[in-house]
Amino acid sequence: MVSVKVLEFYSGIGGMHYAAQLAGWDCEILKAFDINDIANNVYKHNFGAKTVGQVNKRHILKIACSNLLPSSFPLQKLIEGLDVAYFDNWRADVWTMSPPCQPYTRLGLQHGSQDPRSKSFLHLLTVLDTMVHPPSYILVENVKGFETSDSRNLLVNQLQKTGYNFQEFLLTPSKTVGIPNSRLRYYLLAKLNPLTFAPVVTQITTPPENSIIYDFIPFVNEDFKLYGKENNVIRDYLESNVNHDVYAVPDKTLLKNGYVFDIVTPSSRHSCCFTKGYFHYAQGTGMYQAEERVCV
């Protein structure tokens, strides 16, 4: 497989970075971008000591002239402050981006492109229009609600204007890959002309055999299994040899709020995603795990 060069916008703790690795890409993360200190510290932990740091104007000027900075060295700077020449210089094949979701959440104010947190994403759309070396592939991920926003309309209009073919999806891990977690998200895949997508399959009458995967995805090993009808259990994703007592919910909290908790066990095949309010609010922010003990 030909090596692909990736710019990872809104890199967070490195989810897209890991996804590229797990997908078997022969890729190089040219640069990651995130403004959040905590996320960058976790990214640093995940991908090495030289991956996170502040980049001053001298470094940015150096990047504009050459590619001498270390690969995967995330840039902690407002994206809207970078011009088209900066992005063109990277000559990236792929852009991945998960822009801030707060302007689009179903429980939020839904100000879309008028929300200040959308500025960087809109800037990237503007940059695409004038690039000499635009990316051949673009992946956008966001919450459900983005698909009905004006930002989504601006995105697809710009993609059409600049010669991209694209497909959009609403997917959740519990329905697509057997992971016991409900996390419905919007995804857009775009390819620059003349690249196109295969025709969309709307119905499969006969479940495919595992062996068909090896014909199309050569790096998949023999342990790979197609997703069946039943999700994995949560136990498959838990750490072993952990002292659970230090994470126990206090009895006082249980008595006061336990009736609204979303409680799962290690053998459960479903769970809800966590939100920023987890630990601060008792209801609607994430699940709580109970140990499987029978009380007689």
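Heads up: the sequence shown begins at 1 in full-length UniProt numbering, then just goes up one per residue. Beta carbons are placed, not taken as given, at the ideal position from N, Cα and C, and that holds for glycine.
Residue-level contact to chain C via CB, residue i, 8 Å cutoff
{"i": "Arg117", "result": "Note that chain C does not occur in the displayed structure, where there is just one protein chain."}
Buried versus exposed, by CB contacts within 10 Å (16 or more), residue i
{"i": "Lys31", "result": "buried"}
{"i": "Gly108", "result": "exposed"}
{"i": "Gly81", "result": "exposed"}
{"i": "Val260", "result": "exposed"}
{"i": "Gly48", "result": "exposed"}
{"i": "Pro99", "result": "buried"}
{"i": "His17", "result": "buried"}
{"i": "Val132", "result": "exposed"}
{"i": "Gly24", "result": "exposed"}
{"i": "Tyr247", "result": "exposed"}
{"i": "Ile263", "result": "exposed"}
{"i": "Ser3", "result": "exposed"}
{"i": "Ala20", "result": "buried"}
{"i": "Thr96", "result": "buried"}
{"i": "Leu159", "result": "buried"}
CB of residue i within 8 Å of CB of residue j, strictly
{"i": "Val94", "j": "Pro134", "result": "no"}
{"i": "residue 370", "j": "His270", "result": "Outside the modelled stretch of the chain, which goes from 1 to 296, sits residue 370, for which no answer is possible."}
{"i": "Val233", "j": "Pro180", "result": "yes"}
{"i": "Ser120", "j": "Leu154", "result": "no"}
{"i": "Asn165", "j": "Phe197", "result": "yes"}
{"i": "Leu195", "j": "Leu139", "result": "no"}
{"i": "Phe9", "j": "Ile79", "result": "yes"}
{"i": "Ser11", "j": "Asp34", "result": "yes"}
{"i": "Arg106", "j": "Lys5", "result": "no"}
{"i": "Pro103", "j": "Gln110", "result": "yes"}
{"i": "Glu141", "j": "Tyr187", "result": "yes"}
Pick from the options that is closest to residue i, judged by C-alpha positions
{"i": "Ser240", "options": "Gln76, Val249, Pro100, Pro266", "result": "Pro266"}
{"i": "residue 301", "options": "Leu128, Lys256, Ser11, Gly24", "result": "This structure gives no information on residue 301, because the portion of the chain shown stretches from 1 to 296."}
{"i": "Ile38", "options": "Val140, Gln21, Gly14, Cys273", "result": "Gly14"}
{"i": "Asn41", "options": "Leu75, His244, Gln21, Ala20", "result": "Leu75"}
{"i": "Gly143", "options": "Leu125, Gly163, Leu170", "result": "In the sequence on display, residue 143 carries Val and not Gly. Of the listed residues, the one whose Cα sits closest to Val143 is Leu170."}
{"i": "Cys273", "options": "Leu139, Asp83, Arg185", "result": "Arg185"}
{"i": "Thr162", "options": "Leu124, Gln102, Asp245", "result": "Leu124"}
{"i": "Arg235", "options": "Thr253, Pro250, Ser268, Glu209", "result": "Ser268"}
{"i": "Asn157", "options": "Tyr137, Glu28, Thr126", "result": "Thr126"}
{"i": "Asn193", "options": "Lys256, Val201, Phe87, Tyr137", "result": "Tyr137"}
{"i": "Gly178", "options": "Ser118, Tyr237, Tyr43", "result": "Tyr237"}
{"i": "Ile29", "options": "Pro199, Leu7, Tyr86, Lys175", "result": "Leu7"}
Per DSSP, cross-strand counterpart(s) of residue i
{"i": "Trp95", "result": "Leu7, Ile138"}
{"i": "Ile234", "result": "The partner list for Ile234 (beta bridge, DSSP) is empty, contrary to what the question assumes."}
{"i": "Leu28", "result": "This sequence places Glu at residue 28; Leu is not what is there. Answer is Lys5, bridged to Glu28."}
{"i": "Leu192", "result": "Tyr164"}
{"i": "Cys272", "result": "Ser182"}
Legend entry - Segments of 4+ residues assigned as alpha helix (DSSP H) that fall wholly inside the stretch 141-190: Positions of the alpha helix (DSSP H) runs, each at least 4 residues long and wholly inside the stretch 141-190, are given as 150-161, 173-176 in order along the chain.
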